[in-house]
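In what follows, a structure is listed as C-alpha cells, so that the remarks can point back to it.
Residue numbers (my numbering): -6 to 618.
Next comes the structure, spelled out in C-alpha cells:
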C-alpha cells in the first residue's frame, strides 16, 4: 500500500520542493521508501511522487515511479492487484519483466491495451500513468473505490493526491464546499465524487480520468452487473469464487492477519484461510466489557479456537472515546461513522504484529446483509397503505423512547425509518433508510443564510446522490445504490484511512472483482431468505461453522454512542454546541436537540456526532464555512 502525489500542466507547476512536502504528508501510507520524477518536455510539465509500503517484491526493483524501457510510459500506483500472477503469465511472451511487482504488470498491460487494461485488474488501486507519446495522464480507481484519489483541475493544470492533506499542500487553502457540508450532515460522510473542499473532487469508483491538452474527460470502465446470473450450480460457483478470492488475497511477501469479529463474514474468511492451509493465523477483535449488546468478543474467541488461530482482543472502554479528537487529522474530511473509534484501536493494535490484515468488509454490501434490504422488500409489499394510516403509525412510534440500549428499541428506530421511506420518489425513499432524521428537521439546524448560500432545500438535498431508480426499486437496485454511496463513501474510507494511518494494509476478499460481480447479479432468493440476508454465504458456512455463528442476526460494528453522549462525552457535546459558528448553525435548535437526547426519550446521537466531528475538523484543519 502506498501514497501518490503528482501534477501535469501546460504551464508551470509548483516547485518540486512543494511536491516533496506534499508526499511527505503521506509518509504513513508508505514508510518504507520514496521516489519521484520531474519531466519538462514538449511544453508539458509532469511531476510524479510516490511513498511505498512494501508488500509484494520488497526489493528496490519494485520502486516507483516505474517506467518502461525508453521512459515513454511512467506509473505511480497505490494498492494491490491480486490477479497479477495470472496477468503476468499472459504477458510473459511479449514482455521482459525487471521485477516481481504487480506495478510492473499494470505498466506492461497498459502498454498493450491502454486504459482498457483497467477492466482486467482484480484488486484495490488508485494510480496515475503518464503516457508521453500521447501526452496524456490517466488517473484511475478500483471498481469499489477501496483506494482514494483526489484531484483539482483548473486552467489546463491538474493536481492529484491520495489524501486531501497532501493535495491541499499543492493547491493552498480553499473554501468549504457548502453543498457537501449539508450532504455530510445528512449522511455522516461525504459521498463518492465529492469532497468537503470546493474545487477538489474524487475520481469515482470504477472510473478513470484522462487529461489531454489541458482538458479532462471522465470514463467508466466498470458498472454494476445486471441481475442475470443463472441460478443453477450457484452454490458451486460461489464456493469456487470465494475460495479463489481468499487465496489470491493472501498473496503477500510479509505476514498477514485477520480482523475477526465473530460475525458470519470474518468467520467464513478464517474458515476459507484454514482450507488453504493457513495455520496459526493472527486474528484480532475488539470487545466492550460490560456492554453485552455490543460485545462480540466471545464469538470471535470461539471461532479462533476452532481453527487454531492466535487470537488477541482489544478492549474498548468509554475512555476510548478520547480518540475522537485525533480522527479529523486522519480523515482530512468530516467523518461521523462512530465505528471508526474501535477500528482505530483495532488497526493500531494489529499493526504492531502484521503488515497486512484481511477484513470482512463488503460482505453485507454485495450479499444483502443489512436489515434495510429486508425493509425495502417489505416496503414494496406495503406501498398500498393509505397516508392517514401511515401518519397515525408514525405518531404512535414517536411516543416511544428511542435509545439504543437494547435491540428491542433499535426496532423502534428501524420502524420509524421504514414508515418515512414509504413516500416520495424511489431514490429518495431508499435514501430515507440511511438517514438519522428527516430533511426538514435537519435543515432546521442551520441558519437561513447558510441554507440559501448552499442552494439546498428539503426536496433537493439528496436529489443528485443517486441516478434515477425504478418506481419500485428491486433488491438489485438497492445493492447497486449502496455500492456507490455507503460502501465507497463510508466503509471503505474508514478502512483505508485508519489502516493506512498505522501503515497497515487492509484487504477485503468479499470485494474481489469476480466474487462481487457474481453476488451483485444473484437472484433475490439466494440473498434474502427467511428474514435474513447473505443466504448463499450461510449455505456455504453451514458445513464449516457452528450454527450459533451461521444463524446469528447481523450485529454491526457499532459503539454505545447514545450512552457515551449522555455520560463520558457529555462535556464534549456541550462544548461543541457552545462553540460552533453562529453564521452557519442554529444554536438554539441544536440545544433543543441536545436536551431531547439527554432526556433519554429520543436518540439523536448520530446527528449530534455529525456536529462533533464536523466541528473537530473545522478546528483542526478545515476552511472557514
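The beta carbon of each residue, even a glycine, is placed where N, CA and C say it ideally should be.
Per-residue DSSP class, three states only, for residue i
| i | result |
| --- | --- |
| residue 281 | coil |
| residue 494 | helix |
| residue 55 | helix |
| residue 338 | helix |
| residue 525 | strand |
| residue 49 | coil |
| residue 441 | helix |
| residue 250 | strand |
| residue 396 | Caution applies to residue 396, whose pLDDT of 48 falls short of 50 and renders its modelled position unreliable; the value that the coordinates give is listed next. Residue state, collapsed to three classes: coil. |
| residue 619 | The structure shown has nothing for residue 619, since the chain only spans -6 to 618. |
| residue 207 | coil |
| residue 72 | strand |
| residue 367 | helix |
| residue 8 | coil |
| residue 481 | helix |
Counted within 10 angstroms of its Cβ, other Cβ atoms place residue i as buried (16 or more) or exposed
| i | result |
| --- | --- |
| residue 443 | buried |
| residue 219 | exposed |
| residue 168 | exposed |
| residue 254 | buried |
| residue 348 | buried |
| residue 298 | exposed |
| residue 20 | exposed |
| residue 589 | exposed |
| residue 15 | buried |
| residue 279 | buried |
| residue 449 | buried |
| residue 65 | exposed |
| residue 247 | exposed |
| residue 282 | exposed |
| residue 340 | buried |
| residue 225 | exposed |
| residue 613 | exposed |
| residue 192 | exposed |
| residue 318 | exposed |
| residue 572 | exposed |
| residue 9 | exposed |
Under 8 Å between C-beta atoms of residue i and residue j
| i | j | result |
| --- | --- | --- |
| residue 28 | residue 3 | no |
| residue 586 | residue 601 | yes |
| residue 56 | residue -5 | no |
| residue 530 | residue 360 | yes |
| residue 330 | residue 138 | no |
| residue 243 | residue 277 | no |
| residue 367 | residue 524 | yes |
| residue 84 | residue 214 | no |
| residue 245 | residue 268 | no |
| residue 335 | residue 606 | no |
| residue 170 | residue 189 | yes |
| residue 34 | residue 6 | no |
| residue 482 | residue 350 | no |
| residue 561 | residue 311 | yes |
| residue 468 | residue 520 | yes |
| residue 505 | residue 115 | yes |
| residue 257 | residue 534 | yes |
| residue 537 | residue 264 | yes |
| residue 352 | residue 260 | no |
| residue 42 | residue 90 | no |
Sequence-distant residues of its chain with Cβ nearer than 7 Å to residue i (five each side left out)
| i | result |
| --- | --- |
| residue 396 | Per-residue confidence for residue 396 stands at a pLDDT of 48, beneath the threshold of 50, marking its modelled position as unreliable; no derived number is given. |
| residue 88 | 101 |
| residue 132 | 121, 142, 144, 153, 196, 201 and 202 |
| residue 636 | With the chain covering -6 to 618 only, the question about residue 636 has no answer from this structure. |
| residue 333 | 320, 487 and 491 |
| residue 635 | There is no way to answer for residue 635, as the model of the chain reaches only from -6 to 618. |
Cβ of residue i within 8 Å of any chain D Cβ
| i | result |
| --- | --- |
| residue 234 | Given the protein chain composition of this structure (a single chain), no chain D is represented. |
Own chain residues within Cβ distance below 8 Å of residue i, not counting five before or after
| i | result |
| --- | --- |
| residue 22 | -6, -5, -4, 44, 46, 71, 155, 156, 493 and 496 |
| residue 430 | 597 and 600 |
| residue 127 | 205 |
Cβ separation of residue i and residue j, assumed to be a contact under 8 Å, to the nearest whole Å
| i | j | result |
| --- | --- | --- |
| residue 680 | residue 354 | Since the first residue shown for the chain is -6 and the last is 618, residue 680 is missing from the structure and cannot be characterised. |
| residue 477 | residue 198 | 7 Å |
| residue 158 | residue 489 | Actually they are not in contact, since the Cβ atoms of residue 158 and residue 489 sit about 14 Å apart, beyond 8 Å. |
Cutoff 6 Å; reference residue i; Cβ partners in own chain excluding five residues on either side
| i | result |
| --- | --- |
| residue 146 | 209 |
| residue 292 | 255 |
| residue 398 | Because residue 398 carries a pLDDT of 46, less than 50, the predicted location of this residue cannot be relied on, and no value is offered for it. |
| residue 24 | 496 |
| residue 325 | 156, 157 and 158 |
| residue 377 | With a pLDDT of only 48 at residue 377, under 50, the local geometry of the prediction cannot be trusted, and no value is derived from it. |
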